[in-house]
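Colleague:
In my numbering, the protein residues as written are 617 to 896.
1) Which same chain residues, not among the five before or five after residue 627, have their C-beta less than 6 Å away from its C-beta?
2) Under 8 Å, with one C-beta from each stretch per pair, do the segment 739-751 and the segment 706-720 reach the 3-pair mark?
3) How long is the line joining the alpha carbons of residue 857 and residue 810, rounded to whole angstroms?
4) Only counting the same chain, and skipping five residues up and downstream in sequence, which positions put a Cβ closer than 8 Å to that of residue 812?
5) Could you pull the DSSP bridge partners for residue 865 from this structure?
6) Give me whichever residues DSSP pairs with residue 882 in a beta bridge.
7) Which term fits residue 576, buried or exposed, when burial requires 16 or more other beta carbons within 10 angstroms of its beta carbon?
8) Within the segment 809-836, note down every full beta strand (DSSP E) run reaching 3 residues or more, in order along the chain.
9) With DSSP run on the structure shown, which of helix, strand or coil describes residue 642?
10) Within 10 angstroms of the Cβ of residue 700, are there 16 or more other Cβ atoms? Answer buried if so, exposed if not.
11) Rounded to the nearest angstrom, what separates residue 882 and residue 715 at their Cα positions?
12) If we ignore side chains and look at the alpha-carbon of each, how far apart do residue 697 and residue 745 end up?
13) Residue ranges of each alpha helix (DSSP H) run of no fewer than 4 residues wholly in the segment 653-736, ordered along the chain?
14) Spatial neighbours of residue 832 within its chain, please: C-beta separation below 7 Å, excluding the five flanking residues on both sides.
15) Pick from 827, 675, 803, 825: whose alpha carbon is nearest that of residue 756?
16) Classify residue 886: buried if its beta carbon has 16 or more other beta carbons within 10 angstroms, exposed otherwise.
17) Please name the residue or residues paired with residue 754 in a DSSP beta bridge.
18) Taking the DSSP output, what are the residues bridged to residue 856?
19) Relative to the C-alpha of residue 687, which candidate in 638, 840, 743 has its C-alpha closest?
20) Candidates 874, 783, 821: which alpha carbon is nearest residue 800's?
Quick look at the structure:
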């Protein structure tokens, strides 16, 4: 089901939408965590891959339709499609169609970072050219993230798709410098670790605060501070920043939204008797 979950909050409609399913290497997803531990959470296939989702958040209210993340977006080679077992047959655009929301109605697109499984759906191909998928929207990302993607090196280049995604967005792009409010009910906070200028997105409805945490905490099985992805460029920062974010989430009663969890799309956190962060 492309529409994963829905709730109404403070006069806003809030949906978690799936942009498709993907398989990624389990060892890379859990870094230094031994396989006998992480495979209890996600049993791997014969190629050591685990099944994940690409969740997006859609918020409609106060005259805005805000989309957070866009998934791969279909612009991948057959080789990559096979490597990641990518399935976008019931993806983001079909979710929007089911909600009767046209791409042109999206007013803002906010990205945690520019890796292709989060930002690939920002553009579509029309007449042999790549153009913004949401033509009336402003797209938001940290300036430092954009600069790092533009100047990607041998370690980082495979995560980005410059010609197909980034270049076509230049005319509709808003580059952010640190924590900022982008409209009356949406703000971003810089949460580095996965990339140097990764950001998480807070949505304040007046009734609830939703936190799209991005790849700082990709699934509920990454709530343990030491469970840090090998994909993270700055794993020590991830370890520290995720604890700061989770403590704030508990104290301020946020609804956390996880981008890659196939079982739990969102939920509030608490600390159990042992002091560990868990979904309540």
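Note that CB positions come from ideal geometry on N, CA and C, so glycine has one too. Keep in mind it's a predicted model, so treat the numbers as computed, not measured.
Modeller: In this structure, then:
1) Here the question's residue 627 lines up with position 11 in the chain shown. The beta carbon of residue 627 is closer than 6 Å to those of 677 in its chain, skipping five residues each way along the sequence.
2) The segment 739-751 is in contact with the segment 706-720.
3) The residue labelled residue 857 in the question sits at position 241 within the chain shown. The residue labelled residue 810 in the question sits at position 194 within the chain shown. Each residue's alpha carbon lies about 10 Å from the other.
4) For the purposes of this step, residue 812 is identified with residue 196 of the chain shown, where counting begins at 1. 760, 761, 764, 849, 850, listed in sequence order.
5) Taking the chain shown and counting its residues from 1, the one referred to as residue 865 is at position 249. Answer by DSSP bridge pairing: none, since residue 865 is not bridged.
6) As a first step, residue 882 must be located in the chain shown, where it is residue number 266. For residue 882, the pairing in a beta bridge is given by DSSP as 873.
7) In this structure the chain extends from 617 to 896, so residue 576 is not present and cannot be described.
8) Fully enclosed beta strand (DSSP E) runs of 3 or longer: 815-820, 825-828.
9) As a first step, residue 642 must be located in the chain shown, where it is residue number 26. DSSP, read as helix, strand or coil, puts residue 642 in helix.
10) For the purposes of this step, residue 700 is taken as the residue at position 84 of the chain shown. The residue is buried, with at least 16 neighbouring Cβ atoms inside 10 Å.
11) Mapped onto the chain shown, residue 882 falls at position 266. Mapped onto the chain shown, residue 715 falls at position 99. Their Cα atoms are separated by approximately 20 Å.
12) Residue mapping note: residue 697 aligns to position 81 of the chain shown, counting from 1. Residue mapping note: residue 745 aligns to position 129 of the chain shown, counting from 1. Residue 697 and residue 745: Cα-Cα distance of roughly 21 Å.
13) 694-699, 708-714, 732-735, all fully within the segment 653-736.
14) Against the chain shown, residue 832 aligns to sequence position 216. Non-local beta-carbon contacts of residue 832 in its own chain, meaning distances under 7 Å to residues more than five positions away in sequence, involve 807, 809, 810, 814, 816, 854, 857, 858, 861 in chain order.
15) Sequence index remark: in the chain shown, residue 756 carries index 140 (1-based). Ranking 827, 675, 803, 825 by Cα distance to residue 756 puts 803 first.
16) Within the chain shown, residue 886 is the residue found at index 270, counting from 1. Residue 886 is classed as exposed because its beta carbon has fewer than 16 other beta carbons within 10 Å across all chains shown.
17) Walking along the chain shown from the start, residue 754 turns up at place 138. Under DSSP, residue 754 takes part in a beta bridge, and its partners are 724.
18) In the chain shown, the residue the question calls residue 856 occupies position 240. When DSSP reads this structure, residue 856 sits in no beta bridge, so it has no partner.
19) Reading the chain shown from its first residue, position 71 is the one you call residue 687. Nearest C-alpha to residue 687: 638.
20) Numbered from 1 along the chain shown, position 184 holds the residue referred to as residue 800. Among 874, 783, 821, the Cα nearest to that of residue 800 is on 821.
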